[in-house]
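The letter at position 47 of the sequence shown is residue 48 when you use the numbering used here, and the numbering goes up by one with no holes.
C-beta: ideal position from N, C-alpha, C; glycine also.
The structure appears below as structure tokens.
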Amino acid sequence: MDIEEEEPPKSKWDLRRNLAGFWLLGLCDYFPYVVMLSAAKEILRDSDNPDNLQPANVTGLNDTEEMQLKCNSVGTGAVLLADIIPVLFIKTIGAFFLKKVPYYCRVMAVVAFGAASFLTVALSSTIWVSLLGVVFASISEGLGEVTFFQMTAYFDQNVVSAFSSGTGAAGFLGALTYAGLRTAGVSARNCLFFMLVYPAIMGATYFLLLVKPPELSAPCSKYSLKEKIKLVKPLLKYMVPLGLVYFLEYFINQGLYEVLYFNGIWLTTDEQYEWYQMDYQLGVFLSRSSVNLIQINKIWVFPIWQGINLGVLAANAVYQFIPSIWIILTLIFWEGLLGGATFVNTFYRIRTEVREEHREFSMGVVTLADAVGIFIAGAAALPLHTYLCNMYT
Numbered sequence: 002m003d004i005e006e007e008e009p010p011k012s013k014w015d016l017r018r019n020l021a022g023f024w025l026l027g028l029c030d031y032f033p034y035v036v037m038l039s040a041a042k043e044i045l046r047d048s049d050n051p052d053n054l055q056p057a058n059v060t061g062l063n064d065t066e067e068m069q070l071k072c073n074s075v076g077t078g079a080v081l082l083a084d085i086i087p088v089l090f091i092k093t094i095g096a097f098f099l100k101k102v103p104y105y106c107r108v109m110a111v112v113a114f115g116a117a118s119f120l121t122v123a124l125s126s127t128i129w130v131s132l133l134g135v136v137f138a139s140i141s142e143g144l145g146e147v148t149f150f151q152m153t154a155y156f157d158q159n160v161v162s163a164f165s166s167g168t169g170a171a172g173f174l175g176a177l178t179y180a181g182l183r184t185a186g187v188s189a190r191n192c193l194f195f196m197l198v199y200p201a202i203m204g205a206t207y208f209l210l211l212v213k214p215p216e217l218s219a220p221c222s223k224y225s226l227k228e229k230i231k232l233v234k235p236l237l238k239y240m241v242p243l244g245l246v247y248f249l250e251y252f253i254n255q256g257l258y259e260v261l262y263f264n265g266i267w268l269t270t271d272e273q274y275e276w277y278q279m280d281y282q283l284g285v286f287l288s289r290s291s292v293n294l295i296q297i298n299k300i301w302v303f304p305i306w307q308g309i310n311l312g313v314l315a316a317n318a319v320y321q322f323i324p325s326i327w328i329i330l331t332l333i334f335w336e337g338l339l340g341g342a343t344f345v346n347t348f349y350r351i352r353t354e355v356r357e358e359h360r361e362f363s364m365g366v367v368t369l370a371d372a373v374g375i376f377i378a379g380a381a382a383l384p385l386h387t388y389l390c391n392m393y394t
């Protein structure tokens with residue numbers, strides 16, 4: 002795989018517009034997905050079924066202090082599965098079969114599904130309709146990620162870091178906005194109505210802000226399906242570490258966060274869950290924004306560190322030996338740093354190492370790796386959640 006020469010941008014102003022545009026596209030693409038995961042516990046609470054919450058007592062810092070957990074009968078891994086299964090399907094279709102669909106059509110679909118996700122969950126009165134809204138968010142994020150990463154093949158290489166930074170900002174700002182509004186007493190429904198501004202910003206960014214090259218509007222498929230499948234093998238060195246890291250971090254997020262609570266502090270258990278999400282997303286944002294400052298080519302080290310993180314947090318979920326929420330927050334922040342660094346360094350390496358004629362396809366197909374890792378994590382988190390909750394009942 003060769004490094005190709007980049008054509009200079011038409012002007013610094015065009016480059017700045019495109020960098021800002023891809024940052025906003027990353028921000029708006031991930032926002033519905035992040036908000037749904039931040040709201041996962043409340044989505045699972047069917048207002049018509051208050052028995053969905055089963056209290057469980059967990060031993061706290063010593064034998065005389067107890068922590069009261071409210072374990073959902075269905076873990077947040079269920080929301081993750083509802084979120085990721087459509088992503089996996091959409092990314093597969095997008096990477097292999099959507100080349101002939103114009104980019105503007107794909108972007109319009111991303112905007113529509115993003116708006117539909119917020120409206121559906123906000124107006125829902127049952128858990129199943131809420132999960133349908135989660136599916137809409139999933140379709141929006143999955144189609145958006147594969148679309149925008151493929152688009153980067155037509156732009157300056159630095160739009161990869163801009164888009165990655167935007168996705169990281171979505172994670173942090175999405176979790177922070179939702180947690181902040183809920184802590185301030187804003188209802189979950191009104192929070193979701195507020196989020197409708199982000200699909201609108203995405204549409205305006207693509208159609209008004211980006212300076213698009215002419216070839217972007219002339220889609221054509223250069224390779225047969227058989228040829229595309231052959232191109233996947235050289236990409237495994239990028240896909241395997243990325244998939245492993247995403248499996249480990251989402252296994253932590255959806256399998257352990259609900260049982261890492263502390264009693265008698267300034268945050269309720271619901272608020273602790275939301276702030277764990279925000280803390281994780283802050284780490285993701287900072288590391289996804291770092292590739293222009295530091296580039297890490299040995300991406301295989303990230304699964305090792307994330308595996309250690311999982312081991313420590315899983316042990317604490319069972320034995321409750323960590324005495325302070327600040328230590329948990331530090332470990333979660335480190336988890337986010339590792340995940341974000343894997344993401345941005347993987348795609349930056351593809352953009353700079355893969356031959357120009359293979360880049361568009363490669364950028365799209367590698368997005369499958371994180372989706373596969375997240376899917377496996379969601380499936381594995383469900384029995385773990387049940388085991389941990391039953392352990393203390």
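Reference residue i, options the options, closest by Cα
{"i": "N298", "options": "V102, P242, E228", "result": "P242"}
{"i": "A315", "options": "E250, G27, F303", "result": "E250"}
{"i": "Q296", "options": "S162, A110, V355", "result": "S162"}
{"i": "G181", "options": "M279, S12, W327, R350", "result": "M279"}
{"i": "Y105", "options": "L217, F156, I140", "result": "L217"}
{"i": "A318", "options": "I253, N293, V355, G265", "result": "I253"}
{"i": "G145", "options": "G312, E354, Y31", "result": "Y31"}
{"i": "K13", "options": "D157, I140, L338", "result": "D157"}
{"i": "L339", "options": "L287, N293, F322, M364", "result": "L287"}
{"i": "L177", "options": "L383, V35, F348, R352", "result": "V35"}
{"i": "W267", "options": "E358, L16, W327", "result": "W327"}
{"i": "Q255", "options": "L209, T93, V102, L383", "result": "L383"}
{"i": "S131", "options": "M37, K213, L174", "result": "M37"}
{"i": "L385", "options": "I140, Q321, E259, V233", "result": "E259"}
{"i": "V373", "options": "T93, L133, I300", "result": "T93"}
{"i": "G175", "options": "G134, F23, E275, Y388", "result": "E275"}
{"i": "P1", "options": "F23, R350, V302", "result": "For the chain, the structure presents residues 2 to 394; residue 1 sits outside this window and is missing."}
{"i": "N264", "options": "S325, I300, N19", "result": "S325"}
{"i": "N293", "options": "M240, A117, T353, L261", "result": "T353"}
{"i": "S139", "options": "Y388, K213, A117", "result": "A117"}
Own chain, CB closer than 6 angstroms to residue i, minus 5 neighbours either side, in chain order
{"i": "R360", "result": "A154"}
{"i": "I375", "result": "I85, Y247, Y251"}
{"i": "G115", "result": "P33, S141, P200"}
{"i": "M392", "result": "none"}
{"i": "M240", "result": "V367, A370"}
{"i": "Y388", "result": "none"}
Distance, residue j Cα to residue i Cα
{"i": "E390", "j": "L257", "result": "A quick correction: the sequence has Cys, not Glu, at residue 390. Straight-line Cα distance between these residues: approximately 10 angstroms."}
{"i": "A21", "j": "V160", "result": "9 angstroms"}
{"i": "G244", "j": "K238", "result": "11 angstroms"}
{"i": "L330", "j": "Y277", "result": "7 angstroms"}
{"i": "G204", "j": "G186", "result": "30 angstroms"}
{"i": "V355", "j": "L226", "result": "19 angstroms"}
{"i": "I323", "j": "E272", "result": "19 angstroms"}
{"i": "F1", "j": "M364", "result": "For residue 1 there is no data in the structure shown, the boundaries of the chain being 2 and 394."}
{"i": "W129", "j": "V136", "result": "11 angstroms"}
{"i": "L99", "j": "I91", "result": "10 angstroms"}
{"i": "S290", "j": "V233", "result": "27 angstroms"}
{"i": "F195", "j": "E357", "result": "41 angstroms"}
{"i": "F173", "j": "P103", "result": "31 angstroms"}
{"i": "Y320", "j": "I300", "result": "32 angstroms"}
{"i": "L261", "j": "R183", "result": "20 angstroms"}
{"i": "F164", "j": "K231", "result": "28 angstroms"}
{"i": "R107", "j": "Y179", "result": "27 angstroms"}
{"i": "P215", "j": "F208", "result": "14 angstroms"}
{"i": "G134", "j": "T127", "result": "11 angstroms"}
{"i": "V212", "j": "G95", "result": "23 angstroms"}
{"i": "Y224", "j": "T270", "result": "52 angstroms"}
{"i": "T60", "j": "T206", "result": "Any reading at T60 must be qualified, since the residue scores a pLDDT of 39, below 50, and its modelled position is unreliable; no value is offered."}
Own chain residues within Cβ distance below 7 angstroms of residue i, not counting five before or after
{"i": "K403", "result": "For residue 403 there is no data in the structure shown, the boundaries of the chain being 2 and 394."}
{"i": "G312", "result": "none"}
{"i": "E142", "result": "D30, Y31, P33, Y34, V88"}
{"i": "V302", "result": "none"}
Cut-off 8 angstroms between Cβ atoms - residues of its own chain near residue i, not counting five sequence neighbours on either side
{"i": "L210", "result": "R18, A21, G22, L25"}
Do the stretch 17-29 and the stretch 162-174 make contact, defined as three or more Cβ pairs closer than 8 angstroms? yes
Are the stretch 144-160 and the stretch 362-370 in contact at 8 angstroms, needing three or more beta carbon pairs? yes
Are at least three pairs of beta-carbons, each pair with one atom in the stretch 323-336 and one in the stretch 269-284, less than 8 angstroms apart? yes
With a cut-off of 8 angstroms, do at least 3 Cβ pairs link the stretch 185-197 to the stretch 121-131? yes
Would you be able to state if there are at least three C-beta pairs under 8 angstroms between the stretch 105-113 and the stretch 200-214? yes
Does the stretch 375-389 come close enough to the stretch 84-101 that 3 or more CB-CB pairs lie under 8 angstroms? yes
Below 8 angstroms, can you find three or more Cβ-Cβ pairs linking the stretch 339-346 to the stretch 306-314? yes
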